[in-house]
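Residues 1 to 316 in the UniProt record's numbering are what the sequence shown lists, from first letter to last. The block underneath contains the structure these notes are about, expressed in structure tokens.
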Amino acid sequence: MSSRHRHVGEVERDVRLRDAVLGVLSTATGPVTAAEISTPLAATPEEIDEVLSELADEGEVARLPDPDGTVQWRTETATVQLTHEANSYRAQDSKTGLVTRAGDRPDALRRLADRIEQYERGDSVGAQIEGITDVVLSPEYIDGITELVEGYVEPAEKHLYVYVKDQGVREVDTRTYLDRDHEILGVALTGQYTAAEFDSVAPVSSADVRERTRIRDSHFPIGMFKLVVVHPEYHSNGIGSALATHGMAYLAENPPVVSMLWVRENNANMHLVDQYGATCLAEFENGIPTSETKCPECGFDQTCECSVRLYGWGFE
Numbered sequence: 001m002s003s004r005h006r007h008v009g010e011v012e013r014d015v016r017l018r019d020a021v022l023g024v025l026s027t028a029t030g031p032v033t034a035a036e037i038s039t040p041l042a043a044t045p046e047e048i049d050e051v052l053s054e055l056a057d058e059g060e061v062a063r064l065p066d067p068d069g070t071v072q073w074r075t076e077t078a079t080v081q082l083t084h085e086a087n088s089y090r091a092q093d094s095k096t097g098l099v100t101r102a103g104d105r106p107d108a109l110r111r112l113a114d115r116i117e118q119y120e121r122g123d124s125v126g127a128q129i130e131g132i133t134d135v136v137l138s139p140e141y142i143d144g145i146t147e148l149v150e151g152y153v154e155p156a157e158k159h160l161y162v163y164v165k166d167q168g169v170r171e172v173d174t175r176t177y178l179d180r181d182h183e184i185l186g187v188a189l190t191g192q193y194t195a196a197e198f199d200s201v202a203p204v205s206s207a208d209v210r211e212r213t214r215i216r217d218s219h220f221p222i223g224m225f226k227l228v229v230v231h232p233e234y235h236s237n238g239i240g241s242a243l244a245t246h247g248m249a250y251l252a253e254n255p256p257v258v259s260m261l262w263v264r265e266n267n268a269n270m271h272l273v274d275q276y277g278a279t280c281l282a283e284f285e286n287g288i289p290t291s292e293t294k295c296p297e298c299g300f301d302q303t304c305e306c307s308v309r310l311y312g313w314g315f316e
């Protein structure tokens, strides 16, 4: 059967397998066999060998036959970096700067392949935003660009900010901005949230917040600084502070304002709330249900034991 008549699902699988094979080769410390590549990708050596042969014809990989008849393979250009950290794997493409994170090695490579494909389709800003939140928060935190557009670009009371390299902070106020060829180094989300919206995005319910803090029904809709995340290669460059300053400038017009942060040793946002004179309103233990948000600190397959602090500004 010719390739043009193949089922669309089969073609998509072939593309994903091809990208995953390239990912494995790019992170390998030396030449590897088709059998060695097949193990983490849950494919047969024969399937991998077919993909490798096609890649060799295109000049993407090199075939290295041994005297004993074993064939090994290597990439012509290694671009993917794979790092095991914080109970998960971080994958990064050196060509585009795209990053992502997943619980195991194959999934990290597959997710990076998806980000690269999204980037090459023209959704470069969206791919970068999703990748940065994957790494800093979790792969479950943002459910695709559609959620961002509908939740933070279109509504007047919600805001999506990005830090563009060599340009600084910009607000994304149109869908087409997400297709522009900018290098994104950080992201911030802010807005006014009703009690129902708060329940849908916060790790602690509005009922628990009202019970344990000075927040009352009359405070809703309430301003919330939902997140600030910075590309892992650009920490300690003032990017988080710049995003926080822009986000707070709008929120401060309608106090009070709250923000919820994980209690972790390396959470740079903890320093930001101190810098802006926030008051800790309450601390909630085990505030992140693992079924809803996979925790990059505790591990994606473990019960999250991180506490969450609720900070506030502008309460009388």
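By construction, the Cβ of each residue, glycine as well, lies at the ideal position given by its N, Cα and C atoms. It should be emphasised that the depicted structure is a prediction, and the values quoted were computed from it without experimental measurement.
With the cut-off set at 8 Å, would you say residue i and residue j are in Cβ contact?
| i | j | result |
| --- | --- | --- |
| V228 | N269 | yes |
| H159 | G247 | yes |
| C306 | V257 | no |
| E157 | Q192 | yes |
| S38 | T44 | yes |
| F225 | L251 | yes |
| A242 | P106 | no |
| V153 | D173 | yes |
| A33 | V80 | As written in the sequence, residue 33 is Thr, which differs from the Ala given in the question. Cβ atoms of T33 and V80: not closer than 8 Å. |
| I145 | L189 | no |
| L25 | T75 | yes |
| T213 | A113 | no |
| G186 | G240 | yes |
| L17 | E60 | no |
| F300 | G122 | no |
| R210 | D217 | yes |
| R175 | V149 | yes |
Based on the DSSP secondary-structure assignment, which residues constitute the bridge partners of residue i?
| i | result |
| --- | --- |
| D93 | V80 |
| H159 | T190 |
| I222 | Y193 |
| F284 | V308 |
| V32 | W73 |
| V169 | Y163 |
| S88 | E85 |
Would DSSP call residue i helix, strand or coil?
| i | result |
| --- | --- |
| Y276 | coil |
| P65 | strand |
| T100 | strand |
| S259 | strand |
| Y152 | helix |
| G126 | helix |
| Y141 | coil |
| V230 | strand |
| S205 | coil |
| V15 | helix |
| E183 | coil |
| C298 | coil |
| S2 | Below a pLDDT of 50, predicted positions are generally treated as unreliable, and S2, at 42, falls in that range; the measurement from the model is reported next regardless. Three-state DSSP puts S2 in coil, outside helix and strand. |
Excluding sequence positions up to five away, which residues of its chain have a Cβ less than 8 Å from the Cβ of residue i?
| i | result |
| --- | --- |
| D208 | F284 |
| R261 | Residue identity differs from the one stated: residue 261 is Leu in this sequence, not Arg. Cβ neighbours of L261 beyond the five flanking positions: N267, N269, M270, V273, V308, R309 and Y311. |
| I184 | V125, Q128, I129, I132, V162, Y163, V164, K165 and H231 |
| R101 | S88, Y89, R90, A91, A108, R111, D134, V135, S138, P139 and P296 |
| I116 | D19, D93, T96, L98 and A127 |
Near residue i, which residues of its chain fall below 6 Å by C-beta distance, leaving aside the five closest residues on each side in sequence?
| i | result |
| --- | --- |
| A195 | S206 and F220 |
| L64 | P31 and Q72 |
| Q302 | none |
| A244 | V228 and L272 |
| W313 | V257 and A278 |
| S259 | F225 and Y311 |
Can you list, in chain order, the residues of its chain whose CB lies under 7 Å from that of residue i, leaving out five sequence neighbours each side?
| i | result |
| --- | --- |
| V15 | none |
| G151 | K158 |
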